[in-house]
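Each remark here refers to the structure printed beneath this line.
Number of protein chains: 2
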Amino acid sequence: MEEKVNLVKEALSERYRRGDVLSDQCPAREVLKHISSRWGGLVLIALHEGDTFRFSELRRIIQGVSEKMLAQTLQVLEQDGLVLRTSFPVVPPHVEYSLTKLGSEAAVHVVGLANWIEENLSGILAGNKDSIEEAP
Amino acid sequence: MEEKVNLVKEALSERYRRGDVLSDQCPAREVLKHISSRWGGLVLIALHEGDTFRFSELRRIIQGVSEKMLAQTLQVLEQDGLVLRTSFPVVPPHVEYSLTKLGSEAAVHVVGLANWIEENLSGILAGNKDSIEEAP
DNA sequence: CTCCATACTTACCTTTTGGTATGTACTTAC
DNA sequence: GTAAGTACATACCAAAAGGTAAGTATGGAG
Numbered sequence: 001m002e003e004k005v006n007l008v009k010e011a012l013s014e015r016y017r018r019g020d021v022l023s024d025q026c027p028a029r030e031v032l033k034h035i036s037s038r039w040g041g042l043v044l045i046a047l048h049e050g051d052t053f054r055f056s057e058l059r060r061i062i063q064g065v066s067e068k069m070l071a072q073t074l075q076v077l078e079q080d081g082l083v084l085r086t087s088f089p090v091v092p093p094h095v096e097y098s099l100t101k102l103g104s105e106a107a108v109h110v111v112g113l114a115n116w117i118e119e120n121l122s123g124i125l126a127g128n129k130d131s132i133e134e135a136p
Numbered sequence: 001m002e003e004k005v006n007l008v009k010e011a012l013s014e015r016y017r018r019g020d021v022l023s024d025q026c027p028a029r030e031v032l033k034h035i036s037s038r039w040g041g042l043v044l045i046a047l048h049e050g051d052t053f054r055f056s057e058l059r060r061i062i063q064g065v066s067e068k069m070l071a072q073t074l075q076v077l078e079q080d081g082l083v084l085r086t087s088f089p090v091v092p093p094h095v096e097y098s099l100t101k102l103g104s105e106a107a108v109h110v111v112g113l114a115n116w117i118e119e120n121l122s123g124i125l126a127g128n129k130d131s132i133e134e135a136p
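Right under this line is the structure:
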């Protein structure tokens, strides 16, 4: 079994020179955490639907997100260079959010996953016994 | 602005008949949560590398995961019908994990995202100022 | 007879995450 | 003059996630 683990590591050797989400040291795992955080992926999906959005628009589209969490998530994604924040110095405040080039590329994969889930939802739910039967 | 939100909702109308991760009611969001949970995606990625894996192999490959979390994550993914668990009634116990057809399809998207992150890691890190400069 | 290995489970505790409520600054609408 | 809208920040608390350590069952190795 030790050999098999090594074989897999060997197959992943190319990955070690860039990033490796399977390694707990690698910053790639941090980035994956940001994108796959509770609201991170949904923000990318929402932004992928249009060009620019205001804070309050995003709040309405991403159902259930609180102001605090949306602000926090947007900041993290902005720091990763995935989201662009443009604020206009007017009152009341006007801020627009959009995806950067990097952000669009990442969003494509997240949207791909979300679409797959949405299309295969019934199949997945069928495999999930909890949703149809429950022990008394 | 209300019109814009409606326009987006209209553009997503097709999605409402299947699943919609942007809706907080829809079970699709739960499935997304499972897959994008801290260890869920990494399990899919690891399993995607080979045919079958034993519990202890997965623990070694997915660096940093605890026994408790790996067991829990595998159970959730099994309930969603993404992971297949095969146990052989021998002693010491022998259990093999692999992806189902559904699981393979989901894994493709997760692997795609992970690969993108790994390939673009330096670019992302460059946009992330926290990793190079720190306020004193 | 004791130790080791496998694949877990369980109890206990800490850390992280997330929600609610409130405050801010300013202007327009009523 | 009071409320509403905008884009947040902040404090406080509850819930969830996660780690550690120990226990379980069983048989073989020493």
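Residue numbers (UniProt numbering), protein chains in the order written: chain A, 1 to 136; chain B, 1 to 136. Even for Gly, the Cβ is constructed at its ideal location relative to N, Cα and C.
Could you check which residue in A/43, A/127 and A/23 has the C-alpha nearest to that of residue 71 of chain A?
Position 71 of the first sequence, counted from the start, is the residue given in the question as residue 71 of chain A. Nearest C-alpha to residue 71 of chain A: A/43.
Under 9 angstroms between beta-carbons, which chain A residues line up against residue 80 of chain B? List them in chain order, please.
Looking up residue 80 of chain B in the second sequence gives position 80. 124, 125, 127 and 128, listed in chain order.
Name the chain B residues whose beta carbon is nearer than 9 angstroms to that of residue 106 of chain A?
By one-based count along the first sequence, residue 106 of chain A stands at place 106. Within chain B, the residues near residue 106 of chain A are 113, 116, 117, 120 and 124.
I believe residue 53 of chain A touches residue 46 of chain A by the beta-carbon criterion, under 8 angstroms. Please report the beta-carbon distance rounded to the nearest angstrom.
As a working mapping, residue 53 of chain A is identified with position 53 in the first sequence. As a working mapping, residue 46 of chain A is identified with position 46 in the first sequence. About 7 angstroms separates the two Cβ atoms, so the contact holds.
Does the CB of residue 110 of chain A have a neighbour CB from chain B at under 8 angstroms?
Counting from one through the first sequence, the residue named residue 110 of chain A turns up at place 110. Judged by the 8 angstroms Cβ criterion, residue 110 of chain A is in contact with chain B.
Using C-beta distances below 7 angstroms, list every residue in its chain close to residue 111 of chain B, excluding the 5 sequence neighbours before and after it, in chain order.
As a working mapping, residue 111 of chain B is identified with position 111 in the second sequence. Result list for residue 111 of chain B: 45 and 48, in chain order.
From this set, A/91, A/85, A/90 and A/93, which residue's C-alpha is nearest residue 99 of chain A's C-alpha?
In the first sequence, residue 99 of chain A corresponds to position 99, counting from 1. Taking only the C-alpha atoms, the option nearest residue 99 of chain A is A/85.
Provide the residue span of the beta strand (DSSP E) that contains residue 98 of chain A, from first to last.
Indexing the first sequence from 1 puts residue 98 of chain A at position 98. Segment 94 to 99, the beta strand (DSSP E) holding residue 98 of chain A.
I'd like to know whether the C-beta of residue 71 of chain B is nearer than 8 angstroms to at least one C-beta of chain A.
In the second sequence, counting from the first residue as 1, residue 71 of chain B sits at position 71. No, residue 71 of chain B does not count as interfacial toward chain A.
Rounded to the nearest angstrom, how far is the Cβ of residue 76 of chain A from that of residue 34 of chain A, given a contact under 8 angstroms?
Within the first sequence, residue 76 of chain A is the residue found at index 76, counting from 1. Within the first sequence, residue 34 of chain A is the residue found at index 34, counting from 1. At roughly 5 angstroms, the Cβ-Cβ gap stays under 8 angstroms, so residue 76 of chain A and residue 34 of chain A are in contact.
Along the chain, where does the alpha helix (DSSP H) that runs through residue 56 of chain B open and close?
Counting from 1 along the second sequence, the entry for residue 56 of chain B is found at position 56. Taken as a continuous stretch (DSSP letters only), the alpha helix (DSSP H) holding residue 56 of chain B covers 55 to 61.
If contact is defined by three or more beta carbon pairs under 8 angstroms, each pair taking one atom from either stretch, is the segment 112 to 126 of chain B in contact with the segment 56 to 64 of chain B?
Segments in contact, no.
Beta-carbon within less than 7 angstroms of residue 32 of chain B's beta-carbon, same chain only, minus the 5 sequence neighbours each way: which residues are those?
In the second sequence, residue 32 of chain B corresponds to position 32, counting from 1. Around residue 32 of chain B: 21.
Have a look at residue 79 of chain A and residue 87 of chain B and give me their C-alpha separation to the nearest angstrom.
Locating residue 79 of chain A in the first sequence gives position 79, where the first residue counts as 1. Locating residue 87 of chain B in the second sequence gives position 87, where the first residue counts as 1. Straight-line measurement puts the Cα of residue 87 of chain B at about 45 angstroms from the Cα of residue 79 of chain A.
Residue 41 of chain A and residue 36 of chain B - do their beta-carbons sit closer together than 8 angstroms?
Indexing the second sequence from 1 puts residue 36 of chain B at position 36. Indexing the first sequence from 1 puts residue 41 of chain A at position 41. Yes, Cβ-Cβ distance for residue 36 of chain B and residue 41 of chain A is below 8 angstroms.
Any beta carbon from chain B within less than 8 angstroms of residue 20 of chain A's own beta carbon?
Here residue 20 of chain A refers to the residue found at position 20 when the first sequence is read from its first residue. Closer than 8 angstroms to some Cβ of chain B, the Cβ of residue 20 of chain A qualifies, so yes.
Per-residue contacts from residue 24 of chain B into chain A (C-beta, under 7 angstroms):
By 1-based counting over the second sequence, the position of residue 24 of chain B is 24. Simply 63 and 64.
To which residues of the same chain is residue 28 of chain B closer than 7 angstroms at the C-beta, ignoring the five residues directly before and after it?
Numbered from 1 along the second sequence, position 28 holds the residue referred to as residue 28 of chain B. The answer, listed in chain order, is 19, 20 and 21.
Does any residue of chain B bring its CB to less than 8 angstroms from the CB of residue 27 of chain A?
Here residue 27 of chain A is taken as the residue at index 27 of the first sequence, counted from 1. At least one beta carbon of chain B lies nearer than 8 angstroms to the beta carbon of residue 27 of chain A.
Curious, which full-length alpha helix (DSSP H) runs of at least 4 residues does the segment 27 to 86 of chain A contain?
Entirely contained in the segment 27 to 86 of chain A, the alpha helix (DSSP H) runs reaching 4 residues are, in chain order, 27 to 35, 40 to 49, 55 to 61 and 67 to 79.
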